[in-house]
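Written below as structure tokens is the structure these notes are about.
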Amino acid sequence: MRTLIQNVTAITLDDQDRILPEADLALDGPTIRAVGDAPPDFEPDRVIDGRERVALPGFFNAHCHAAMTLERGWAEDLPFDRWLNEKIWVAESALEEEDVYWGAALACCEMIRAGVVGFADHYFWMNQVARAVDEAGMKAHLSWTQFGTGAAEELGGVSLADTTRFVREWHGAADGRIRCGMGPHSPYMCPPDFLRRVVEAARELDVGIHLHVAESQEQVDNSLAAHGRTPVAHLESLGVFDGPTIAAHAIAVDEDDMAILADKGVHVAHTPKTYLKLAMGVAPLPAFLENGVPVALGTDGPASNSDMNPLEVLRITGLYHKNALGKPEALPRTTLLRLATVAGARAMGFAGSGVLAPGRPADLILLDTRAPHWFPRHDLAAGVVYAAHPADVSHVFVDGALVLRDGALLTLDEERIRYEAERRAFRMVGTPMEQMRRYRG
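Each residue of the sequence shown is one higher than the one before, starting from 840 at the first, in the numbering used here.
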């Protein structure tokens, strides 16, 4: 399918930060053929009027737990330890495999409507998330969460052999839209011997690792007591960072930790809404960037941050860090947009995505700028970061295929998904539950 988008304002996020007014975008199947002027010989199958719309690379959500849509609003106004021990790791005792499909499908609906083309997911029964991603037409990096502390604490009694089987089956599936990794929960929950086995499996499968790292000073203190190293140094000593890694959060880190993360090229997923809502403190994003640590923005799961809205994450990231530094010039708008697009694509292994340029994957979105909150339209990049709403997203392309057209979802039955997800969520929390595991920091 060849698509021509005419007369659109294109925020390219290329090396020159070009913003092209009244540009044409020519999409040839899964690839961008031209940006600016369509080639004279380009014969489109469909033409989209881009007037009063802005085009930019689609968002890549660098860390989330998609099926936790089912727990949205279930664990409110609690500190992190009670949030896990009294609510999340209790409700999940009643989680069923099919629930994960419907929860993930609901998240896909929500993310597509917010301009997300790909996401890094870390949860259970990832075969069901892969099913939802395949049907949605999105891209995803999927890691099956494991604790390595015995079958009683693993949902479905899943073993490392089961998760490696999932990776073999799904890595590269859906025409390359699905990538997989290993998903140990964290260094504070997973024993060192289990983490070593995960590293060996990742190396054998030639995939990366996605896990939670250094979410609090308490975790750092406990790691020093147990292993004589910070969580970051502990993971490095086990070889976790020897391959591609997404490290979610990294809130409590020191200069030595940052040097390790930079040297190993670890992609830190920054999810500030969760940090603020759970009063966890906020990761040192500006220091990461100054020290060469790759960072990408994520939403985290709806049980902790309530939604899957990358536009809100953009806004919170900019506002919080500008204020914390006392520097309104910090984190310029195109820097923030790159953290939500090309940085996430790189973290997930989708090389080339995140820039509007010839030869790049056609992963892009259109936003309608006719609502009052856009006017006057002095600076459309600033409008995306600080004024746009998910309702402004009109079109979403993934590998050149439309998954949202004029605000209508094309790949998923949203009405049925809403019904099934809510029904299953109410069943889950309405049945007898028990605490599956305990968080101790």
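Every residue, glycine too, gets a C-beta built ideally from N, C-alpha and C.
Exercise for the section: May I have the straight-line CA-CA distance separating residue 1156 from residue 1138, to the nearest angstrom? Expected result: Residue 1156 and residue 1138: Cα-Cα distance of roughly 11 Å.
Exercise for the section: Would you mind reading off the limits of the alpha helix (DSSP H) that contains residue 962? Expected result: Segment 955 to 962 is the beta strand (DSSP E) holding residue 962; no alpha helix (DSSP H) there.
Handout entry: With 16 other Cβ atoms within 10 Å as the buried cut-off, status of residue 1143
Key = buried
Practice task
Using only alpha-carbon positions, find the residue among 1062, 886, 1016 and 1054 that is nearest to residue 1031.
Solution key: 1062
Exercise for the section: Below 6 Å CB to CB, which residues in the same chain sit around residue 943 once its five sequence neighbours on both sides are set aside? Expected result: 905, 906, 968 and 971
Exercise for the section: With distances taken Cα to Cα, identify the nearest neighbour of residue 811 among 864, 880 and 910. Expected result: There is simply no residue 811 to check, as the chain begins at 840 and stops at 1280 in what is shown.
Exercise for the section: Assign residue 1025 to one of two classes, buried (16 or more other C-beta atoms within 10 Å of its C-beta) or exposed (fewer than that). Expected result: buried
Handout entry: Beta carbon of residue 981 nearer than 9 Å to that of residue 1007
Key = no
Practice task
Figure out for me which residue from 1150, 1164, 1135 and 1197 has the closest Cα to the Cα of residue 1177.
Solution key: The candidate whose alpha carbon is nearest that of residue 1177 is 1135.
Practice task
Can you tell me which of 1033, 1075, 1121 and 1011 puts its alpha carbon nearest to the alpha carbon of residue 1055?
Solution key: 1121
Exercise for the section: Would you list the one or two residues that DSSP bridges to residue 982? Expected result: 961 and 1020, per the DSSP bridge assignment.
Handout entry: Delimiting residues of the alpha helix (DSSP H) encompassing residue 947
Key = 936 to 952
Exercise for the section: Using three-state DSSP, classify residue 1046 as helix, strand or coil. Expected result: Coil.
Handout entry: Cα-Cα separation, residue 1089 to residue 1037
Key = 20 Å
Problem - Boundaries (first-last residue) of the beta strand (DSSP E) holding residue 860 - result: 858 to 867
Exercise for the section: Give every residue of the same chain whose Cβ lies closer than 7 Å to the Cβ of residue 911, excluding the five residues on either side of it in the sequence, and list them in chain order. Expected result: If the five residues before and after residue 911 are omitted, its C-beta is found closer than 7 Å to the C-beta atoms of 1141, 1142 and 1145, all from its own chain and listed in chain order.
Exercise for the section: Leaving aside the five residues before and after residue 1096 along the sequence, list all residues of the same chain whose C-beta is less than 6 Å from its C-beta, in chain order. Expected result: 1069 and 1071
Exercise for the section: Note the first and the last residue of the continuous beta strand (DSSP E) segment covering residue 1233. Expected result: 1232 to 1237
Handout entry: Element boundaries [alpha helix (DSSP H), containing residue 1002]
Key = Under the DSSP assignment, residue 1002 falls in the alpha helix (DSSP H) whose first and last residues are 999 to 1009.
Practice task
Counting only runs of 4+ residues fully inside the segment 1061 to 1087, write out the alpha helix (DSSP H) ranges in chain order.
Solution key: 1070 to 1076
Exercise for the section: State the start and end residues of the unbroken alpha helix (DSSP H) segment that holds residue 1138. Expected result: Taken as a continuous stretch (DSSP letters only), residue 1138 belongs to no alpha helix (DSSP H), as it is neither H nor E.
Handout entry: Under the three-state DSSP convention, the category residue 917 falls into
Key = coil
Handout entry: Minimum C-alpha distance to residue 877 - residue among 885, 866 and 870
Key = 866
Exercise for the section: Spell out a yes or no on whether the segment 914 to 926 and the segment 1235 to 1249 are touching, meaning 3 or more CB-CB pairs, one atom from each, closer than 8 Å. Expected result: Here the segment 914 to 926 makes no contact with the segment 1235 to 1249; the two share fewer than three CB pairs at distances below 8 Å.
Problem - Beta-carbon proximity check, residue 1041 vs residue 1067, cutoff 9 Å - result: In this structure, residue 1067 does not lie closer than 9 Å to residue 1041 by Cβ.
Practice task
Measure the Cβ-Cβ separation of residue 842 and residue 887 and say whether it is below 9 Å.
Solution key: yes
Exercise for the section: Classify residue 931 as buried or exposed, calling it buried when 16 or more other Cβ atoms lie within 10 Å of its own Cβ. Expected result: The residue in question, residue 931, is buried, as its Cβ has 16 or more Cβ neighbours within 10 Å.
Exercise for the section: Look up residue 967 in the DSSP assignment and say whether it is helix, strand or coil. Expected result: helix
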